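Following: one structure in structure tokens, then a few remarks.
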Amino acid sequence: MKKIARLFSIKTKLEVFLITYALGLGAAERGKDYMVQYPGNVGKMFFVLCTVAVFIAASKMLEAIELHKAFGVD
């Protein structure tokens with residue numbers, strides 16, 4: 457059971473960067489769709505918001521990795 461649980465936990469910074477890359481690709485695709493659906497500044501704003509959300513999530517994941525290394529118990 458622990459081996460299966462390991463698949464769904466993020467332990468290293470490399471895993472965070474890989475997840476961030478995948479989320480970034482999805483956010484860029486969604487942002488492109490928003491730019492088609494909402495032409496002009498509104499579409500551009502939604503595109504930027506999609507990508508900024510990925511950066512915020514990545515920073516929180518990196519922070520959690522550091523805190524887990526410092527204080528976590530496995």
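In terms of the numbering used here, the sequence shown opens at residue 457 and continues consecutively. Glycine included, every Cβ here is placed at the ideal spot set by N, Cα and C. Here the structure is a predicted model, which is why all the values come from computation and not from measurement.
Taken through DSSP and simplified to helix, strand or coil, Ile512 comes out as helix.
If you draw a straight line from the Cα of Gly496 to the Cα of Val504, it comes to about 13 Å. About 6 Å separates the beta carbon of Ile521 from that of Val472, a gap short enough to meet the 8 Å contact definition. In this structure, Thr507 places its C-beta atom within 8 Å of the C-beta atom of Ala484.
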